[in-house]
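Student: Residue numbers are given in the UniProt record's numbering: position 412 of the sequence shown equals residue 412, and the series is strictly consecutive.
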Amino acid sequence: IQEDFEIVDKKQIPNTTELKNEEKEKTEEARWSAPILSLAKKASENLALSYGNALKSASLVGFISKPVSNDSTAKTSARYHAMEERANLMNMMKLSIKILIQAALSLGRTLDSDFPPLQQFFVVLEHCLKHGLKVKKTFIGQNKSFFGPLELVEKLCPEASDIATSVKNLPELKTAVGRGRAWLYLALMQKKLADYLKVLLDHKHLLSEFYEPDALMMEEEGAVIVGLLVGLNVIDANLCLKGEDLDSQVGVIDFSLYLKETQDSDGKQDGGITAVLDQKHYVEELNRHLSCTVADLQNKIDCLEKTNSKLQEELAAATDRIGSLQEEQQQLKQQNELIRERSEKSVEVTKEDTKVELDTYKQSRQGLDEMYSDVWKQLKEEKKIRLELEKELELQIGMKTEMEIAMKLLEKDTHEKQDTLVALRQQLEEVKAINLQMFHKSQNAECSLQQKTEAISSFEGKTNEMMSSMKQMEERLQHAEKARQAAEERCNKMKQELAGRLDTCRQQMSQLDSKCSTLEKELKSEKEQRQTLQRELHQEKDATTLLKTELQQMEGLKKELRKLQDEKQQLEKVCEEQEQALQEMGLHLSQSKLKMEDIKEVNKALKGHTWLKDDEATHCKQCEKEFSISRRKHHCRNCGDIFCNTCSSNELALPSYPKPVRVCDTCHTLLLQRCSSNSS
1 IQEDFEIVDK KQIPNTTELK NEEKEKTEEA RWSAPILSLA KKASENLALS
51 YGNALKSASL VGFISKPVSN DSTAKTSARY HAMEERANLM NMMKLSIKIL
101 IQAALSLGRT LDSDFPPLQQ FFVVLEHCLK HGLKVKKTFI GQNKSFFGPL
151 ELVEKLCPEA SDIATSVKNL PELKTAVGRG RAWLYLALMQ KKLADYLKVL
201 LDHKHLLSEF YEPDALMMEE EGAVIVGLLV GLNVIDANLC LKGEDLDSQV
251 GVIDFSLYLK ETQDSDGKQD GGITAVLDQK HYVEELNRHL SCTVADLQNK
301 IDCLEKTNSK LQEELAAATD RIGSLQEEQQ QLKQQNELIR ERSEKSVEVT
351 KEDTKVELDT YKQSRQGLDE MYSDVWKQLK EEKKIRLELE KELELQIGMK
401 TEMEIAMKLL EKDTHEKQDT LVALRQQLEE VKAINLQMFH KSQNAECSLQ
451 QKTEAISSFE GKTNEMMSSM KQMEERLQHA EKARQAAEER CNKMKQELAG
501 RLDTCRQQMS QLDSKCSTLE KELKSEKEQR QTLQRELHQE KDATTLLKTE
551 LQQMEGLKKE LRKLQDEKQQ LEKVCEEQEQ ALQEMGLHLS QSKLKMEDIK
601 EVNKALKGHT WLKDDEATHC KQCEKEFSIS RRKHHCRNCG DIFCNTCSSN
651 ELALPSYPKP VRVCDTCHTL LLQRCSSNSS
């Protein structure tokens, strides 16, 4: 039996004239409803007898009998009361099923959860399932729900496992009552509610755990109700569980649905014919709309197929281009890796060479530093000796004026020695500078060697000058001995001391000569090193030529990369310009919106003001202070409200007043903003 209409051709639906004139065609068109009408007639015949009894006994549901003194009479009354409750519930179930079937057949469509007879059916069924339930005690409290026996269906009938899992997965359900109601909804939609309850009644030994022995589900009335539920398989129900609050629904039976008068069969048939005609027109209009929508969808599909084909071609071209670019990138990466490896090897070789050169330079520098430290120590000793001599001479100046000339000569000699020592220091610094230039600039090695030779020749000349100066000193001393015979005894000691010091100076000169010879040897070794460095430089030049060729190849590859980067930058610039344009448009829009809001606020503030009376205002509108004899009232000439003197101390010229008039602080700021915006 199909209740949803599926029309292939319009010719299969008869016209209205044929329905009115020919009875044969009426029977053919009503074939789909014949079995439903037959089932409805049978149900109405079976339930007509119990209709009056149900109405009378409906008010007795939930009736509680008074306690009786004797135990036997209490038991019999309790049994009688339980039988009455079972009969009443069974009669109410018959009525709800009958009215639900009649309403579904009259409508001829699927039923929603908002349909009142369907809601009352579930309420009555819930009362039937709750009848005689045992109370289970838990840690939380007493629990009395009909979802416990319904869970047994999953074990007894594996087909009901889908319903149980779907009910458990619903997050909105938090109580056992809500889960039981959802289970009944899903079983009715599957048209297997009677089958599942029949399975439960077949296993009454399991139901005895949940129900009392006098319960409806344990007696014959339960089997009768299951037989009545078979008639509900005719109905198609479409119930939505999402969005409904099944936990907090109150199950109250509405008896107004069962007190309606029955209509005649002729009126039902006429209503059925009109309903069929209305459905026919409705289906024709639906077919027209569907044909139009199908044509539009076909056109859209064709357009989408064309665009998809174009996009696929573009994608194929793009993928090819991307693959070629990836291959080029891989090649460039390989070449870069090879060049890096070669450059790293060459850098390592140069680093090793520089390390060796640095070691040799450090060794030579250590030797020079030792020489410089020795000379510096000698200078310090000579300075100490000079200081001692000056002290002795100062003591002898007061006693012997004639010895001043000799002492002056000695001082001159010491100054000359100091000058020679300074010259030696300068020469040592020049030698250090030459060594540094040899390390950093190998090409200027020859010039530095010439400078060193000149320095050595000058050093030899200075040593000769020192010898000549020493000879002159000896001659002068001889003249002084001849002239100063009176002071020979006292001067002998000084002469001996001077002779010893001269010997030390000669020894120092001999040491300097030996050092010069060592320096010459070092210069020869440096020349040899320079020759080896020149050979290494020639080898490095050859390596640099090879590297230059490789760099030229790299430059060509870099140019290609730069071209690609330029294209990318151009595209990025275009995107940035577009983004900037959009940002500027957004800024302009936001500024214009802000200006409009300011103008609206100014207009609202400047329009619709009324002049308040003195009696209406008792407090200042701005500071909300109460007016008194000391705090007087003042009107704002712009808005008309009343303020105190402190809140309305400003004055401005208004269009209605040529002279400046009293204005409140808010109006003062608004008028100033307006003037500034107009001037800008």
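For every residue, glycine included, the Cβ atom is placed at its ideal position computed from N, Cα and C.
Just reading off the beta strand (DSSP E) that N650 is part of, what are its end residues?
Tutor: Per DSSP, N650 belongs to the beta strand (DSSP E) from N650 to A653.
Student: Going by other Cβ atoms of all chains shown within 10 Å of its Cβ, with 16 needed for buried, is L297 buried or exposed?
Tutor: By the 10 Å Cβ count, L297 comes out exposed.
Student: Look up A617 in the DSSP assignment and say whether it is helix, strand or coil.
Tutor: Looking at A617 - three-state DSSP - the assignment turns out to be coil, as it is neither helix nor strand.
Student: For F146, name the three-state secondary structure that DSSP assigns.
Tutor: The answer is coil: DSSP assigns F146 none of H, G, I, E or B.
Student: What residues in its chain sit with their C-beta under 7 Å from that of Q378, if we drop five residues either side in the sequence?
Tutor: Hits under 7 Å: Q508.
Student: If you follow the beta strand (DSSP E) that Q662 is in, where does it begin and where does it stop?
Tutor: Contrary to the premise, residue 662 reads as Arg rather than Gln in this sequence. From DSSP, the beta strand (DSSP E) with R662 extends over P660 to V663.
Student: Tell me whether K155 is buried or exposed, calling it buried when 16 or more other Cβ atoms sit within 10 Å of its Cβ.
Tutor: Burial call: exposed.
Student: Let me know if W183 comes out buried or exposed under the rule of 16 or more other beta-carbons within 10 Å of its beta-carbon.
Tutor: Buried, because 16 or more other Cβ atoms sit within 10 Å of the Cβ of W183.
Student: Going by the CB atoms, is the gap between C647 and K623 shorter than 8 Å?
Tutor: Correcting the residue type first, residue 623 is Cys in the shown sequence and not Lys. Contact flag set, yes.
Student: Can you name, in chain order, every residue of its own chain whose Cβ lies under 6 Å from the Cβ of T666, other than the five neighbours on each side?
Tutor: Result list for T666: empty, nothing under 6 Å.
Student: Flag this pair as yes or no: are the beta carbons of L197 and L229 separated by less than 8 Å?
Tutor: Their beta carbons are under 8 Å apart, which means L197 touches L229 by this criterion.
Student: Sort Q450, F459, D413 and Q437 by Cα distance to Q426 and report the nearest one.
Tutor: Ranking Q450, F459, D413 and Q437 by Cα distance to Q426 puts F459 first.
Student: Do L150 and G180 have their beta-carbon atoms positioned less than 8 Å apart in this structure?
Tutor: Yes, the Cβ-Cβ distance between G180 and L150 is below 8 Å.
Student: Just to confirm, are R631 and Y657 a CB contact at a threshold of 8 Å?
Tutor: No, Cβ-Cβ distance for R631 and Y657 is not below 8 Å.
Student: Shortest alpha-carbon distance to Q366 belongs to which of D236, E497, E522 and S457?
Tutor: The shortest C-alpha separation from Q366 is found at E522.
Student: Would you mind listing the alpha helix (DSSP H) stretches within the region 498-561 that are 4+ residues and don't spill past its ends, in chain order?
Tutor: Qualifying alpha helix (DSSP H) stretches: none in this window.
Student: Rounding to the nearest angstrom, what Cα-Cα distance links L107 and D236 in this structure?
Tutor: L107 and D236: Cα-Cα distance of roughly 12 Å.
Student: Following the continuous alpha helix (DSSP H) through N638, name the residue where it begins and the one where it ends.
Tutor: Counting along the chain, N638 falls outside any alpha helix (DSSP H), and DSSP gives it neither H nor E.
Student: Look at the Cβ atom of T420, then the Cβ atom of Q529, and state whether they are nearer than 8 Å.
Tutor: No, the Cβ-Cβ distance between T420 and Q529 is not below 8 Å.
Student: Which partner residues does Y372 have in the DSSP bridge list?
Tutor: Bridge partners of Y372: none, in fact.
Student: What did DSSP end up calling L239 once you bin it into helix, strand or coil?
Tutor: Coil at L239, not helix or strand.
Student: Quick check on the burial criterion: 16 or more other C-beta atoms within 10 angstroms. Buried or exposed for C675?
Tutor: Label assigned to C675: exposed.
Student: Would you decide whether D641 is buried or exposed? Buried here means 16 or more other CB atoms lie within 10 Å of its CB.
Tutor: D641 comes out buried.
Student: Whose C-beta lies closer than 7 Å to the C-beta of L246 among residues of the same chain, with five residues either side of it excluded?
Tutor: Result list for L246: L173, G178, R181 and A182, in chain order.
Student: Using C-beta distances below 7 Å, list every residue in its chain close to F210, excluding the 5 sequence neighbours before and after it, in chain order.
Tutor: So the list reads L133, K134, G148 and P149, once near-sequence residues are dropped.
Student: So the alpha helix (DSSP H) E244 belongs to, where does it begin and stop?
Tutor: Careful: E244 lies outside any alpha helix (DSSP H) and carries neither H nor E.
Student: Between the C-alpha atoms of A543 and S517, what's the straight-line distance to the nearest angstrom?
Tutor: The straight-line gap from Cα to Cα measures roughly 39 Å.
Student: Find the nearest neighbour of E550 within the set E341, L129 and C575, judged by alpha-carbon distance.
Tutor: Comparing Cα positions, the closest option is E341.
Student: Quick one: residues in its chain with C-beta nearer than 7 Å to the C-beta of A104, no 5 flanking neighbours on either side, listed in chain order?
Tutor: For A104, where only same-chain residues beyond five positions count, the Cβ hits under 7 Å are L111 and I235.
Student: Let me check understanding here. Comparing Cα to Cα, which of L571, E221 and I385 lies closest to Q418?
Tutor: When only C-alpha atoms are compared, the closest one is I385.
Student: Does E29 come out as helix, strand or coil in the three-state DSSP assignment?
Tutor: Note that E29 scores a pLDDT of 43, beneath 50, so its modelled location is shaky and nothing firm can be said.
Student: Along the chain, where does the alpha helix (DSSP H) that runs through L206 open and close?
Tutor: Its alpha helix (DSSP H) spans residues K204 to L207.
Student: What distance in whole Å lies between the Cβ atoms of L201 and V226, which are believed to be in contact at a cut-off of 8 Å?
Tutor: Their Cβ separation, rounded to whole angstroms, is 6 Å, which keeps V226 and L201 in contact under 8 Å.
Student: At which residues does the alpha helix (DSSP H) containing T165 begin and terminate?
Tutor: Taken as a continuous stretch (DSSP letters only), the alpha helix (DSSP H) holding T165 covers S161 to N169.
Student: Hey, would you say K452 sits closer than 8 Å to V431, going by beta carbons?
Tutor: A contact, by the Cβ cut-off of 8 Å.
Student: Compute the distance between the beta-carbons of L436 and V375, then report whether it is under 8 Å.
Tutor: No, the pair does not count as a contact, with Cβ atoms beyond the cut-off.
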